[in-house]
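Peer 1: Sharing a structure, written as structure tokens. Questions coming.
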Amino acid sequence: MLRIVIDAVGNKHGGGATVLLEVLRAAFAHDGLREVTLLASPLEFRKFAIPYHKKLRILDVSTAESGSGRVSWAIFGLDHFLNKLDFDVFLGLNGIGPLIRKVPSLVLIQNSLPYSREGLKRCTWGVRLRMALIRRITQRSAIVADHILVQCEPMRKAIAEAFDISVEGISAFTPSSPILPLYTSSSSRLSSLRSETENWKILYVGNASPHKNLEVVAQGLRQFPELNRPKWYVTLPGDFT
Numbered sequence: 422m423l424r425i426v427i428d429a430v431g432n433k434h435g436g437g438a439t440v441l442l443e444v445l446r447a448a449f450a451h452d453g454l455r456e457v458t459l460l461a462s463p464l465e466f467r468k469f470a471i472p473y474h475k476k477l478r479i480l481d482v483s484t485a486e487s488g489s490g491r492v493s494w495a496i497f498g499l500d501h502f503l504n505k506l507d508f509d510v511f512l513g514l515n516g517i518g519p520l521i522r523k524v525p526s527l528v529l530i531q532n533s534l535p536y537s538r539e540g541l542k543r544c545t546w547g548v549r550l551r552m553a554l555i556r557r558i559t560q561r562s563a564i565v566a567d568h569i570l571v572q573c574e575p576m577r578k579a580i581a582e583a584f585d586i587s588v589e590g591i592s593a594f595t596p597s598s599p600i601l602p603l604y605t606s607s608s609s610r611l612s613s614l615r616s617e618t619e620n621w622k623i624l625y626v627g628n629a630s631p632h633k634n635l636e637v638v639a640q641g642l643r644q645f646p647e648l649n650r651p652k653w654y655v656t657l658p659g660d661f662t
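Below, the structure is given as structure tokens:
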């Protein structure tokens with residue numbers, strides 16, 4: 422019976438939370454797992470609930486919430502923490518893994534921005550420096566890891582090229598999308614979206630970071646004849662808080 426440690430420190434909302442919940446669901450259903458130890462951001466920082474399960478043990482890591490804390494955690498904090506635990510397999514959900522090989526380890530690389538030249542060109546110098554640091558830390562962990570996980574085939578090829586490693590050591594797994602509960606609110610913000618029936622509707626859910634190229638989408642939509650132009654609806658962080 423295996424004991425697995427999952428590092429999900431920093432997974433507090435959005436895609437990171439979705440992936441974590443899917444991993445936990447699969448772990449709970451696996452008869453060969455005896456215990457799952459989850460290293461997580463404290464409850465007060467998370468915007469989602471982690472379901473209770475008899476196999477699950479949650480250890481909050483409050484020291485990694487700041488920018489410097491995250492770097493410290495990645496460079497030596499994780500290894501120091503793992504030395505206190507007994508386990509058989511490690512899974513890092515943020516591209517970070519132990520730098521000292523103790524047990525078989527896997528790292529999941531979710532953030533594609535550090536490996537996209539086109540995306541980085543759209544970012545400020547501050548973001549580029551942060552992405553360069555993330556890339557360096559991730560590379561160190563990935564080289565030590567027994568296997569690397571990504572979410573799509575293009576990302577698999579990008580990581581292999583960026584780190585000069587074989588694609589055979591990288592697997593792509595497309596995450597599934599959870600079924601959301603039926604939203605029955607009569608919010609005025611949604612009324613125009615629901616009432617539009619004549620044209621196609623495009624809904625963008627995300628943020629307005631420069632590399633998302635929202636202005637390019639707007640320019641493209643203006644190329645449509647006005648009568649047939651799709652209606653574009655955008656939700657950004659804070660829209661529905």
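First residue of the sequence shown? That's 422 in the working numbering, and the numbers climb one at a time after it.
For glycine and all other residues, C-beta sits at the position ideal for the given N, C-alpha and C.
Between the region 505-519 and the region 558-568, are three or more C-beta pairs nearer than 8 Å?
Peer 2: Result yes; three or more Cβ-Cβ pairs closer than 8 Å.
Peer 1: Please list, in chain order, all residues of the same chain as V402 whose beta carbon is under 6 Å from its beta carbon, the five residues on each side excluded.
Peer 2: Nothing can be reported for residue 402, as the shown portion of the chain is limited to 422 through 662.
Peer 1: State yes or no: is the C-beta of A593 within less than 8 Å of the C-beta of V571?
Peer 2: It is a contact, given that the beta carbons lie within the stated cut-off.
Peer 1: From the DSSP secondary-structure annotation, give me the bridge partner or partners of V655.
Peer 2: Y625
Peer 1: Identify the continuous beta strand (DSSP E) that holds L520 and give its terminal residues.
Peer 2: L520 -> no beta strand (DSSP E), and no H or E assigned at all.
Peer 1: Using 8 Å as the cut-off, can you tell me whether the region 495-508 makes contact with the region 544-552, which would need three or more C-beta pairs spanning the two stretches below that distance?
Peer 2: no
Peer 1: Quick one: what does DSSP say N649 is sitting in, helix, strand or coil?
Peer 2: helix
Peer 1: Who are the Cβ neighbours of P651 in its own chain at under 6 Å, not counting the five residues just before and after it?
Peer 2: Take P651, set aside five residues on each side of it, and the residues of its chain with a beta-carbon closer than 6 Å to its own are N620, W621 and I623, in chain order.
Peer 1: Tell me whether S470 sits in a helix, a strand or coil according to DSSP, three-state version.
Peer 2: Residue 470 is actually Ala in this sequence, not Ser. In the structure shown, A470 adopts coil according to DSSP, grouped into three states.
Peer 1: Where DSSP assigns a beta bridge to I530, which residues make up the other side?
Peer 2: Paired residue(s): none; I530 is not in a bridge.
Peer 1: By the three-class DSSP mapping on this structure, what secondary structure does G453 have?
Peer 2: For G453, the three-state secondary structure derived from DSSP is coil.
Peer 1: Please report the Cβ distance between L514 and L529, rounded to the nearest whole angstrom; I am assuming they are in contact, meaning their Cβ atoms lie under 8 Å.
Peer 2: 5 Å
Peer 1: Taking only the alpha-carbon atoms, compute the straight-line gap between R424 and R455 and give it to the nearest angstrom.
Peer 2: 6 Å
Peer 1: With F584 as the anchor, note down where its alpha helix (DSSP H) starts and where it stops.
Peer 2: E574 to F584
Peer 1: So which of R557, K468, G435 and V426 has the shortest CA-CA distance to K523?
Peer 2: V426
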